[in-house]
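Sequential numbering from 90 applies to the first sequence in the numbering used here.
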Amino acid sequence: MCSSDLTTGASGRVTGTLAASPAGQQAVELTATELTVLGDAGPDFPMQKKRHSFEFLRDIAHLRTRSNTFGAVFRVRNVLAREIHAFFQERGFIYLHSPIVSTSDCEGAGEMFQVTTLPIEAPPRDDAGAVDYSKDFFGKKAGLTVSGQLEAEIFACSLGDTYTFGPTFRAENSNTSRHLAEFWMVEPELAFADIHDDMDLAEAFILHLVRSVLEHCAEDLAFFDKMIAPGQLEMLNKLAGASFARMTYTEAMDHLLKVADRFEFKPYWGADLQSEHERYLAEELVGGPVFVIDYPKEIKAFYMRCNDDGKTVAAMDLLVPRVGEIIGGSQREERLEHLSRRIVEMGLPPENYEWYLDLRRFGTIPHCGFGLGFERMVQFVTGMGNIRDVIPFPRTPGNASF
RNA sequence: GCCUGUUUAGCUCAGUCGGUAGAGCAAGCGGCUGUUAACCGCUAGGCCGUAGGUUCAAGUCCUACAACAGGCGCCA
């Protein structure tokens, strides 16, 4: 082969001498003495030495990792994954491999993907005509996990501080730049801890990840700062030395009501925070990450601990500029009678929660935890606008290529 | 699921008042050479998303559908 085969996309081996470079934009250069093309690419190679749209590159996800943007994204993603383990392992947390296939749909976190070996066209039916899941592979209806939290609670209430880090699935028809049907979630669970310990951990965790990336991915972050998200480096550097603001839902609502005119959805006490409200709090009012705690109990999950006011629960969300909610967590209701009552109040079938209630019947402890959407963290750090571009092979409604 | 927008060359996009298409990059050929998501010349390359409709005439106007994007909801 000759050098004319050395087109964009070709692979090759170069032998030469590494020397300091006089050019401004690189430190070293290779003076080649020998060049071998190992695999030529041909004129139909779809990528070029120019900017492509991320939508186009998404269609060729098997080739897009050859671009500088996706190289940088997945190097940063790798460092973040490594540092998640480092952070928790250094603090003595147990890494729990929570199950992927789950038969406990007692989470309510989202629609489950069903896992079945029954024939779709003609499943076995019982006398009432309903699908007979006792004939299914697991003997009951099964699905892909929507959260490892409940399993993490089991471990936290026996082994102590625990975390999960694994794939999570939501069959929601969500079409946004912040949602995936398959994503990775980090879920620590703290034993003998309250909502304030939970926030302290979340803050230390985010700061560790930001500082680690600044330390280990300086070159890639400079690339994002220049090509993807101007100002990103300054934002991260500022964040690395900051402490996060904290406010109650009621305080946040007071702030929102003062500027209610600017919102499409008018805020009022009792309503969940809209995206535009979250953005205002993080981007304008605070200008950085902010914890919001003590939400009205009606808009939060059954397992969150009731506060003494009888109206709110010890829930906390961490809102960050641009991405919005990056962490959602709570202190768990450890009091048997309160938890039982909430299950009934929310119309959930109590028989599904017996094992969960056992954790309160037998040696209950105060505990808490949170979930971090891993891809949202990668988005936050890199400044990438679409979550489909920070996971190798995105799964979204209507798309599971590769 | 709802709202808005987009769909024209391999890619990124122009295309005026409706009169059968242009640029840059890529590709091919040639030149240049301290270049870096460079430069110069030439050459090719188009069922204008799909299906209907209006019109003498549709890339352009209308309808439906599809794909994609952005925003919203759901959440992480």
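In this text, a Cβ means the ideal position worked out from N, Cα and C, and glycines have one as well.
Simplified DSSP assignment, three categories, for residue i
i, result
"V190", "strand"
"E276", "strand"
"R102", "strand"
"R335", "strand"
"C91", "Residue placement at C91 is flagged as unreliable, the pLDDT there being 41, under the threshold of 50; the coordinate-derived value follows with that caveat. If DSSP states are grouped into helix, strand and coil, C91 belongs with coil."
"G474", "coil"
"H366", "helix"
"I416", "strand"
"M316", "helix"
"Q137", "coil"
"H344", "helix"
"Y252", "strand"
"H456", "strand"
"I149", "coil"
"V204", "strand"
"V117", "strand"
"E353", "coil"
"G462", "strand"
"T154", "helix"
"F258", "strand"
"A241", "helix"
C-alpha distance - residue i paired with residue j, whole-angstrom precision
i, j, result
"P410", "T158", "22 Å"
"G359", "R335", "19 Å"
"M90", "D129", "Bear in mind that a pLDDT of 36 at M90, under 50, signals an unreliable position, so the number given afterwards is only what the model happens to contain. The straight-line gap from Cα to Cα measures roughly 9 Å."
"L290", "D343", "27 Å"
"P455", "A341", "26 Å"
"Y338", "L408", "12 Å"
"S92", "R155", "Low local confidence applies: a pLDDT of 48 at S92 is under 50, so the model's placement there is unreliable, and no value is given."
"D283", "A293", "16 Å"
"A138", "G98", "Checking the displayed sequence, the identity of residue 138 turns out to be Lys instead of Ala. Each residue's Cα considered, the two are about 9 Å apart."
"A404", "D309", "35 Å"
"L255", "G462", "The amino acid occupying residue 255 in the given sequence is Gly; Leu does not appear at that position. Going from the Cα of G255 to the Cα of G462 covers about 10 Å."
"L322", "N475", "19 Å"
"L345", "D314", "31 Å"
"T253", "S301", "20 Å"
"T471", "P277", "23 Å"
"F459", "T453", "19 Å"
"I415", "D406", "8 Å"
"I149", "A489", "13 Å"
"V126", "G101", "4 Å"
"A109", "A116", "6 Å"
"A217", "V204", "22 Å"
"V348", "T265", "26 Å"
"G131", "V479", "29 Å"
"F177", "I295", "12 Å"
"D332", "S142", "The question names Asp, yet the displayed sequence has Ser at residue 332. Near 36 Å, if we compare the C-alpha coordinates of S142 and S332."
Residue i and residue j closer than 7 Å at C-beta
i, j, result
"V467", "H305", "no"
"P213", "K224", "yes"
"F391", "R431", "yes"
"M201", "G232", "yes"
"F482", "F491", "yes"
"T234", "I189", "yes"
"L152", "M136", "yes"
"R421", "R147", "no"
"L328", "L303", "no"
"G320", "E261", "no"
"A161", "F312", "yes"
"F352", "E365", "yes"
"L298", "E426", "no"
"E464", "F272", "yes"
"E240", "S187", "yes"
"M435", "S419", "no"
One or two residues paired with residue i in a DSSP bridge
i, result
"V381", "M336 and D406"
"A489", "According to DSSP, A489 bridges with nothing at all."
"M393", "R421"
"Y184", "Y252"
"R214", "V220"
"A231", "V204"
"T125", "R102"
"L107", "L119"
"E271", "F258"
"T97", "In DSSP, T97 forms no bridge with anything."
"T401", "P385"
Checklist entry - Given 8 Å as the limit, is there contact between the region 432-445 and the region 374-383, that is, 3 or more CB pairs closer than that? => result no
Next on the checklist: Does the region 236-253 come into contact with the region 174-189, if we say contact requires no fewer than three beta-carbon pairs (one atom in each stretch) closer than 8 Å?
Outcome noted: yes
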